[in-house]
Each structure stands twice: as C-alpha cells, then as structure tokens.
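The working numbering numbers the first residue of the sequence shown as 6 and each following residue consecutively. Don't be surprised by glycine CBs; every beta carbon is placed ideally from N, CA and C. Worksheet: one structure, shown below.
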Amino acid sequence: MDFSHKTILVIDDSIDSRTLICHILNQAGYDHILEADSARQAFDLLGIDRPEGDIDFGPRVDLILLDIVMPEMDGIATCIKLKATPQTADVPIIMVTADTKDVSLQNAFEQGAMDYVNKPINRVELCARVKSALLLKDEMDRRIELARELAAANKILQRTALTDGLTGIANRRYFDEFLKKEWRRCRREQQPITLCLVDIDFFKAYNDSYGHLQGDDCLKKVAAILAASVKRPGDLVARYGGEEFALILSETTEDGGCAVAHRIMREVAARNIPHENSTVSDRITLSFGVAMLTPMAATAVHDLITQADRALYEAKNMGRDRISCPCLK
Ligand SMILES: [Mg+2]
C-alpha cells in the first residue's frame with residue numbers, strides 16, 4: 006500500500022532529532038512532512054485553540070510523531086490534548102523517547118498513544134512503526150466507513166421490512182408491534198385505545214371486473230386516504246390483510262374513532278372510484294368495525310382485535326358501506 010501521500014507531523018524540541026526523523030521519512034518516500042518544535046507550534050499549525058469563530062482548521066494530519074521530553078508542555082500533556090481535540094482525536098500518535106523504561110511511556114499509552122520509537126532514532130525501526138501505524142489507521146478508517154454503510158443499509162432494510170410494498174403504509178408486522186407498544190403505553194397512562202378495521206366492499210368482485218392491476222391501484226388510493234386521515238404520533242394506519250386495513254388511534258374513544266371513520270367514508274365517496282360489480286353502490290365503499298378498550302390487567306391486545314373484528318363482521322352483515330361500533334347502538 007502506498008502511503009507516500011500521507012501527512013506526518015513531527016513534534017520535537019530538538020532540531021537534530023527533528024531533522025533526522027524528517028530526513029529518514031523523506032528517504033522512505035513520505036512527501037508530506039510537517040515539523041513543530043513545541044506543542045504550542047503544533048497546535049497553531051493544526052488550528053487547535055484558535056479563537057472561537059475562526060473555523061480555518063489546519064491541515065489534515067494522518068500521523069503524529071511526538072517527543073516525550075519537551076520544555077513547557079511535555080509529550081504526555083500534548084498527547085492528552087490531541088486526543089481530547091475532535092479534529093485530532095483519531096490521529097495515531099507514536100511517542101519518541103530515549104528511555105523505554107520511563108513510566109511516562111506507559112502513561113502515554115494510557116492516554117491513547119499507539120506506539121513508540123526509541124531515541125537515538127533507528128531508520129528501520131522508525132519506518133516499520135510509521136508504516137504499521139498508517140496501515141492500522143487505514144484499516145480503522147475502512148471499518149468505520151463500513152460500519153456507517155452497514156448502519157445505513159440496515160435502516161433501509163428495517164424500513165422495508167415494516168412497510169407494505171404496494172401501498173407504502175405500515176405492514177401487518179409493524180401493526181402488531183405498534184399496537185403492542187401503544188397498548189402498554191395506554192395501560193400505563195390509563196388511556197383508551199381505539200382500533201378501527203376497514204374493509205373495501207366487494208373487492209374480489211372489483212378485481213374480477215377491472216383486473217388485478219387496477220385492483221392494486223384501488224388499494225393504493227384507499228391507503229392514501231386512510232394515511233391522510235390520521236396525523237398524531239400515537240396513531241397508525243396499516244395494511245392488515247388483502248383488502249383490509251387497520252387504524253390504531255391511541256388515547257382516543259370510540260366516538261373519536263367513528264368520527265375518523267366518517268371522515269374517511271366521505272373522502273372515499275368524494276373520490277368516486279367506480280365499482281360496477283358492487284351491490285351496495287356503483288362506487289367503491291368501505292365497511293368499518295370500531296372497538297375501544299382501556300387496557301387493564303384483565304384485558305389483552307387480542308381482546309381489542311377480536312372486538313373490532315366482530316364489529317367489522319357486523320358492518321358487513323348489515324349490508325356494508327357503514328360503520329359498526331358499540332357506541333352507535
Ligand atoms: Mg526532547
């Protein structure tokens with residue numbers, strides 16, 4: 006791998022040491038080498054500690070070689086500062102030290118230094134450490150990028166797994182999860198939850214007379230009307246089955262649920278979607294089953310579904326194109 010384009014910063018108070026390190030790195034093919042004779046000069050160069058509002062950051066640095074023994078701010082304090090600064094936190098640091106038994110070296114590792122090289126500088130050692138640090142940094146960057154891509158892909162996957170492919174609204178799986186979650190929340194807060202099951206009347210006959218493509222189109226139109234009818238975060242519109250939809254209305258009484266259902270009925274009627282094979286109308290109509298429960302220890306989610314299902318069955322039995330709800334009796 007070619008690292009000749011990488012930028013290396015050498016921080017050392019000794020001009021001899023600095024010159025030697027730069028010379029060796031130059032010889033090894035590294036073209037971008039920066040020098041600083043103190044922590045202060047390095048910070049200036051990197052744009053660290055600039056006055057607030059000054060967003061002119063210094064050059065991007067890929068590796069820092071840092072002398073431990075320096076007047077004023079030593080290598081350890083400098084290392085701490087670099088690791089605490091967002092723009093240099095991920096830049097690998099190799100400590101340069103004359104005494105490898107020095108406790109300050111251990112300290113440097115604890116503060117995030119990646120490696121060290123001995124003084125007097127040995128060419129082979131220096132080049133090997135620099136190269137492996139750059140390799141490691143490269144690998145780390147690649148993994149971070151990969152993790153980022155994976156997270157983005159997962160998000161899309163998750164969205165796809167919870168969405169109905171045809172209508173774009175929530176699918177049955179998401180409905181089940183959402184209802185359970187809202188059920189728990191409403192139980193904690195002792196709030197009612199209303200479930201509305203919706204069926205397109207004589208949809209099989211619609212498919213038979215207009216074909217499946219137009220059937221799909223009809224499902225999309227109805228789904229869009231349903232989706233537009235609820236807006237609160239605790240509400241959900243989902244495709245429940247083939248031509249069946251479900252509305253979860255949290256913290257809503259059955260009166261509220263019926264009001265929403267009436268609004269949807271009017272909206273669908275206004276869309277005037279022809280249905281020549283329906284026996285209740287010459288247009289697309291819907292049947293609604295509305296049920297409400299305030300979750301308690303003795304009740305379960307399926308009680309609510311059963312009640313709404315029963316109400317829907319009743320609406321169909323009574324001739325369709327209507328809302329069935331205990332509150333309407
Ligand atoms: Mg020194």
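The bridge partners DSSP lists for Leu200 are Ile253, Ala296.
With at least 16 other beta carbons inside 10 angstroms of its own, Val203 counts as buried. In the structure shown, Val122 falls within a strand segment according to DSSP collapsed to helix, strand and coil. Contact between Ile253 and Val273 does not hold, since the beta-carbon distance rounds to 19 Å and is not under 8 Å. In terms of Cβ geometry, Ala243 and Ile174 form a close pair [threshold 8 Å].
Excluding sequence positions up to five before and after Asp169, its CB lies within less than 6 Å of the CB of Asn176, Arg244, all in the same chain and listed in chain order. Taking 8 Å as the cut-off, the beta carbon of Ile13 is found no closer than this to the beta carbon of Asp72. For the 8 Å CB-CB criterion, Phe207 and Ala228 do not form a contact. For a cut-off of 8 Å, the C-beta gap from Val96 to Leu70 is around 11 Å, too long to register as a contact. The C-alpha of Ile205 lies about 14 Å from the C-alpha of Thr172. Sorting Asp287, Leu218, Arg192 by C-alpha distance to the C-alpha of Ala305 places Arg192 at the top. Taking Val235 as the centre and dropping the five residues before and after it, the same chain places the C-beta of Leu241, Val242, Leu252, Leu254, Val265 closer than 8 Å to its C-beta, in chain order.
Residue pairing of His37 in beta bridges, as defined by DSSP: Thr12. Scanning Ala33, Met270, Pro331, Thr165 for the CA closest to the CA of Gln312 turns up Pro331. By the Cβ test, the region 35-46 is in contact with the region 7-26, since at least three Cβ pairs between them sit closer than 8 Å. At the C-beta level, Arg128 and Ile29 come within 8 Å of one another. Distances from the CA of Tyr211 to each of Ser137, Ile161, Gln163, Asn282 were compared; the closest alpha carbon is that of Asn282.
In the assembly as shown, His280 is a buried residue. Its beta-carbon has 16 or more other beta-carbons within 10 Å.
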